[in-house]
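Peer 1: Please see the structure below; I have some questions.
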Amino acid sequence: MLFEMDPLPLLEADAERRAALQARIDGHEVGVSRAVVAPDLIERLTGWLAGVGRASLPNYVALTPGAPNAHRVNRWDERSFVRANYHQFSFNPWNQDPFDVFRLMAPVFRLRNLLAGAPSEKYLGRAPEEGSIARMLFHFYPAGEGCMNLHRDPVGPHQVAVPLMAMSRFGADYSAGGLVLQDAAGVLRAVDAELAPGDVVWFHPQQPHGIETIDPDTPSDWLSFRGRWSGVFAVNKLQGEASIADAADLGRG
Ligand SMILES: [Fe+2]
């Protein structure tokens, strides 16, 4: 169900190519940018994150100016607009990290901005813009438990297309579950088998999507870090700012 997109530098340089891409995304087609980050670098990054996750306590850290990078666990948290089970590692643009994740992921954030009609570097600086900043989130969905309900995300000046990076390999790291998207006919389509670590899929925020339980028959063990990693290119309001419209949970995927 995926269509192959032009390379990110070509799209960044050419407004006509971007308009053609956005028209397909608006029609609830799902695009893919291949090998945005090399698979061996993805493996080093997820290995490092797993080490951080095993060796330090998860904690909720509010998104305020200067907030540190952090990781937390969400297990059907009732305060979340979209119910889910996952381990989240969050990176803010003002912090240091050994992988310099914003430099690594910048081409995706830039295209995300340009599609929305915003300057390519918006939200990527140290100071918030319109009360918002870019955040790189890594989500780990553990085998046996990791999932996210089917939902829609808000459309607005901050987003008209949602990019998600595959960071695990279907058939090797896990063999059931993963990203599903509802096609224009209302049929849920699984896409992970068509992706390699470092590929980025792009879809419309209002296209219902979710994560079906990863290897549902495996006993869950959050510290084994067996399961599915993905990269989320977010733009979030800082705490205390009026909220960007909330995502709509459509119930269990
Ligand atoms: Fe979403």
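Going from the sequence shown to my numbering is simple: count from 1 and add 11.
Every residue gets a Cβ at the ideal spot worked out from N, C-alpha and C, and that includes glycine.
(1) Per DSSP, what are the beta-bridge partners of LEU175 in this structure?
(2) With three or more beta-carbon pairs closer than 8 angstroms as the criterion, would you say the region 35-50 touches the region 185-196?
(3) On the DSSP bridge assignment, give the partners of LEU192 in chain order.
(4) Given 7 angstroms as the limit, tell me if HIS220 has its C-beta closer than that to any heavy atom belonging to ligand 1.
(5) Can you list, in chain order, the residues of its chain whose CB lies under 8 angstroms from that of GLY264, leaving out five sequence neighbours each side?
(6) Any heavy atom of ligand 1 closer than 7 angstroms to the beta-carbon of ASP164?
(7) What separation, rounded to the nearest whole angstrom, lies between the Cα atoms of ASP203 and GLY251?
(8) What would DSSP say about GLY264, mapped onto helix, strand or coil?
(9) Please name the residue in PHE151, PRO104, LEU13, PHE120 whose C-alpha comes closest to that of ARG86.
(10) Does the distance from the CB of VAL243 to the CB of LEU135 come in under 8 angstroms?
(11) Can you tell me which residues form a DSSP beta bridge with SER44?
(12) Taking ARG163 as the reference, give the member of LEU206, ARG45, PHE214 with the closest Cα.
(13) How long is the line joining the alpha carbons of ARG237 and ASP184, rounded to whole angstroms?
(14) In whole angstroms, what is the alpha-carbon distance linking GLY182 and THR229?
(15) Please classify SER151: does DSSP put it in a helix, a strand, or coil?
(16) Taking only heavy atoms of ligand 1 into account, decide whether any of them is closer than 7 angstroms to the Cβ of ALA259.
(17) Over what stretch of residues does the alpha helix (DSSP H) that includes LEU115 continue unbroken?
Peer 2: In brief:
(1) For the purposes of this step, residue 175 is taken as residue 164 along the sequence shown, with counting starting at 1. In the DSSP output, where bridge partners are listed per residue, LEU175 has VAL212, VAL243.
(2) yes
(3) By one-based count along the sequence shown, residue 192 stands at place 181. Answer is ARG200, HIS220.
(4) As a position in the sequence shown, residue 220 is number 209, starting the count at 1. Under cutoff, so the answer is yes.
(5) Within the sequence shown, numbered from 1, the residue matching residue 264 stands at position 253. The predicted model places GLY264 with a pLDDT of 46, which falls under 50 and marks its position as unreliable; any figure quoted below should be read in that light. Excluding sequence neighbours, GLY264 sits near CYS158, MET159, ASN160, LEU161, VAL191, LEU199, GLY221, ILE222, GLU223.
(6) Position 153 of the sequence shown, counted from the start, is the residue given in the question as residue 164. At least one heavy atom of ligand 1 is nearer than 7 angstroms to the Cβ of ASP164, so yes.
(7) In the sequence shown, counting from the first residue as 1, residue 203 sits at position 192. In the sequence shown, counting from the first residue as 1, residue 251 sits at position 240. Using only the alpha carbons, I get a separation of about 37 angstroms.
(8) Working through the sequence shown from its first residue, we reach residue 264 at position 253. The predicted model places GLY264 with a pLDDT of 46, which falls under 50 and marks its position as unreliable; any figure quoted below should be read in that light. Note: GLY264 maps to coil in three-state DSSP.
(9) On the sequence shown, position 75 is the one that residue 86 refers to. ARG86 has its Cα closest to that of PHE151, out of PHE151, PRO104, LEU13, PHE120.
(10) Position 232 of the sequence shown, counting from 1, holds the residue named residue 243. Position 124 of the sequence shown, counting from 1, holds the residue named residue 135. No, the Cβ-Cβ distance between VAL243 and LEU135 is not below 8 angstroms.
(11) Along the sequence shown, one-based indexing puts residue 44 at 33. DSSP output for SER44 lists VAL211 as bridge partner(s).
(12) For the purposes of this step, residue 163 is identified with residue 152 of the sequence shown, where counting begins at 1. Per the Cα distances, PHE214.
(13) As a working note, residue 237 is residue 226 in the sequence shown. As a working note, residue 184 is residue 173 in the sequence shown. Distance between the alpha carbons of ARG237 and ASP184 is about 7 angstroms.
(14) For the purposes of this step, residue 182 is identified with residue 171 of the sequence shown, where counting begins at 1. For the purposes of this step, residue 229 is identified with residue 218 of the sequence shown, where counting begins at 1. Roughly 14 angstroms between the two C-alpha positions.
(15) Counting from one through the sequence shown, the residue named residue 151 turns up at place 140. With the sequence shown as reference, residue 151 is identified as Phe, and Ser is not the correct amino acid for it. If DSSP states are grouped into helix, strand and coil, PHE151 belongs with the strands.
(16) The residue labelled residue 259 in the question sits at position 248 within the sequence shown. Because no heavy atom of ligand 1 lies under 7 angstroms away, the Cβ of ALA259 does not count as near it: no.
(17) Here residue 115 refers to the residue found at position 104 of the sequence shown. Taken as a continuous stretch (DSSP letters only), the alpha helix (DSSP H) holding LEU115 covers 112-126.
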